[in-house]
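Before any comments, here is the structure.
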Amino acid sequence: MLIDDPCYFNMHANLALHGAKVITIARDCDGMDLDAFEQLLIAHKPVLYMTNSTLHNPTGHSFTPAQVYRLVELSHRYGFHIVEDDLYCDIQQRRTPRLAASGLDNVSYVSGFSKTLTANSRVSYTVLSPQLAARMVALKMACGGVTSELAEQITCTMLSDGSYAKHARRTVDRLYESNSRVAGWLAEAGCSLSSLPGEGVFIWARLPDGLHAETLARQGLENNMVLAPGTLLSKAPNASQFLRFNVAHSDSLQVRERFFRLLDKQSK
């Protein structure tokens, strides 16, 4: 199967537990090289491509209409299935097309509410072809998988009475403000940002030349600061040049000052 690089830090471990043979395609703030993607399809013949279509973790990239069209066209030509993980859909400010809008023959859509309500809600949903939906239900029943009825009822009520939509709009506004502020002090620190500031939960920042993300992360722990080095999310040779920042946790003067002290210490 194909996945993006970088990706969610636990993705490779989870797939390894299921015995998946994983191939990665490089993705950045502009997306991916779709010609290189096609060459991987020809060489490895994967049956599955799993991706964040919007606000990719960690780069923040969302597929453009042209990229969506090409990916769907490639899925039909080479016969692979796309799992569209759209967990960040409700905090996207600038709406973009979804892969699943092309139909469910080659795309399965997955989303949920853990990023907008609480991670403990564990309420999610899928949009599948009828055949896959039947198999999914059977698998869930066989595994004894159930979701908290209380969490489901609370989520349903919030969706029905409009409070969820209001909450999502407030979240988008707050993320925009935090993202812009964090992007500002990261740029001031000499970091290069992967995307335009203002949207999404994460900023994928390239460190100034000569600095190493893992070294910074170790020094950060000594100063009660947890950093996410790029090597946790990427297998690329240059991954040690990147850090991922969660803007909700990084939008504070204390975080800014500690990070500047770490940079100053490592650069000496």
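With UniProt numbering applied, the sequence shown corresponds to residues 1 to 268, in that order.
Backbone N, C-alpha and C define an ideal beta-carbon position, used for all residues, glycine too.
Nothing here was measured: the structure is a model prediction, and the numbers come from that model.
When the alpha-carbon of Leu211 is set against those of Ala189, Gly200, Thr54, Leu232, the nearest one is in Ala189. Within the region 162 to 238, complete alpha helix (DSSP H) segments of at least 4 residues are found at 163 to 188, 213 to 222, given in chain order. Annotation for Thr231: Ala213, Glu214, Ala239, Ser240 place their beta carbon closer than 8 Å to its own, counting only its chain and skipping 5 residues before and after. Listed as beta-bridge partners of Tyr49 by DSSP are Leu2, Ile82. Between the region 36 to 45 and the region 243 to 259, the count of C-beta pairs closer than 8 Å stays below three; the two stretches do not touch. Annotated three-state conformation of Thr96 is coil, per DSSP. By alpha-carbon distance to Ala168, the top candidate from Lys115, Glu257, Thr51, Pro237 is Lys115.
Distances from the alpha-carbon of Leu104 to those of Val172, Val72, Asp90, Arg95 put Val72 closest.
Within the same chain, Arg256 come within 6 Å of Trp185 by CB-CB distance, once the 5 residues on both sides are set aside. Assigned with DSSP and collapsed to three states, Val107 falls in strand. According to the DSSP assignment, Leu17 belongs to the alpha helix (DSSP H) that extends over 11 to 17. Under the three-state reduction of DSSP, Tyr69 is assigned to helix.
Just so you know, the alpha carbons of Thr157 and Glu149 end up roughly 12 Å apart. Exclusion of the five residues before and after Val146 leaves no residue of its chain whose Cβ lies closer than 7 Å to its Cβ.
Cβ-Cβ separation between Ala26 and Asp5: approximately 6 Å, consistent with a contact (criterion under 8 Å).
Contact between Phe202 and Thr155 does not hold, since their C-beta atoms are separated by about 24 Å, which reaches or exceeds 8 Å. Using a Cβ-Cβ distance cut-off of 8 Å, the region 55 to 71 and the region 128 to 142 are not in contact, since fewer than three pairs of beta carbons, one from each stretch, lie closer than that value. Put simply, the backbone Cα of Trp204 is about 7 Å away from that of Phe242. In this structure, the alpha-carbon of Ala183 lies about 21 Å from that of Arg95. DSSP lists Ala205, Pro229 as the bridge partner or partners of Leu243.
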